[in-house]
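**Q** Residues in the sequence shown are numbered from -10 upward in steps of one, following my numbering.
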Amino acid sequence: MKLNTKLNMNRTLKLCVSPLLLLLASCSSSFVSTNLDKDNFSDYFSASHVKIYQSEKDINARYQLVGIVEGQDCQIKPHHAEPDEINARTEARRLAFDQGANGIVFSQCALLPHERLAQLNDSADAQQCHAIVICYAKAYAIEVTK
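Structure below.
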């Protein structure tokens, strides 16, 4: 009787383990791809390395103009969220960082509603956006003092 019980347990164990091993072996060639890599983190947080100043007078160190940047936020369809000035300013800060700047002074932001974009029907923005916010700024490389 003990021998039969032992044989039944072995058979049951083999029946349970075999499909599990087969499942594990079939998934071993699968891999997961994500956007979590060093480059994406650097790009995502690059805007935080660019400090916003109200004017050049507020910069208390030596600085040099790197260039003019602009950031945009586009409302693609009428039922989507309205374009946001914060997103446009963040894009401008990212672009300033890409140019080697660590400071930025915004001159203005402008909202172009659908009606105004319709008048500019030749532009790519007019064809792609229902409304758009554009922010203009000067990007500066500011000497870091310790």
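Glycine included, each C-beta is placed from N, C-alpha and C at the ideal position.
Tell me the rounded alpha-carbon separation between G60 and K46.
**A** To locate residue 60, count along the sequence shown from 1; it is residue 71. To locate residue 46, count along the sequence shown from 1; it is residue 57. Approximately 23 Å between the Cα atoms of the pair.
**Q** Which residues in the same chain have their Cβ closer than 7 Å to the Cβ of N91, if we skip the five residues on either side of it in sequence?
**A** One-based indexing of the sequence shown puts residue 91 at position 102. Here the set comprises H38, V39, K40, A130 and I131.
**Q** Could you tell me which residues DSSP pairs with K135 in its beta bridges?
**A** Walking along the sequence shown from the start, residue 135 turns up at place 146. For K135, which the question treats as bridged, DSSP gives no partner whatsoever.
**Q** Alpha carbon to alpha carbon, what distance is there between E71 and C63?
**A** To locate residue 63, count along the sequence shown from 1; it is residue 74. To locate residue 71, count along the sequence shown from 1; it is residue 82. Distance between the alpha carbons of C63 and E71: 8 Å.
**Q** So R78 and C124 are supposed to be a Cβ contact under 8 Å. How far apart are they, rounded?
**A** Taking the first residue of the sequence shown as 1, we reach residue 78 at position 89. Taking the first residue of the sequence shown as 1, we reach residue 124 at position 135. Going by Cβ atoms, the distance from R78 to C124 rounds to 5 Å, so yes, they are a contact pair.
**Q** Determine the extent of the alpha helix (DSSP H) in which E59 is found, giving its start and end residues.
**A** Mapped onto the sequence shown, residue 59 falls at position 70. Counting along the chain, E59 falls outside any alpha helix (DSSP H), though it belongs to the beta strand (DSSP E) covering Y52 to Q64.
**Q** Might you give, ordered along the chain, the residues of its own chain that have their beta carbon closer than 6 Å to the beta carbon of L101, omitting 5 neighbours on each side?
**A** Stepping through the sequence shown from its first residue, residue 101 is reached at position 112. Hits under 6 Å: I121.
**Q** In or out: K66 buried (at least 16 other Cβ within 10 Å) or exposed?
**A** As a working mapping, residue 66 is identified with position 77 in the sequence shown. By the neighbour-count rule (16 or more Cβ atoms within 10 Å), K66 is not buried but exposed.
**Q** Less than 8 Å between the beta carbons of A85 and A126, yes or no?
**A** On the sequence shown, residue 85 is found 96 positions in, with the first residue counted as 1. On the sequence shown, residue 126 is found 137 positions in, with the first residue counted as 1. Going by C-beta atoms, A85 is nearer than 8 Å to A126.
**Q** Out of A81, Q116, F95 and S96, point me to the one whose CA is closest to R105's CA.
**A** By one-based count along the sequence shown, residue 105 stands at place 116. Measuring from the Cα of R105, the nearest candidate turns out to be Q116.
**Q** Where does A36 fall in DSSP's three states?
**A** Numbered from 1 along the sequence shown, position 47 holds the residue referred to as residue 36. Residue state, collapsed to three classes: helix.
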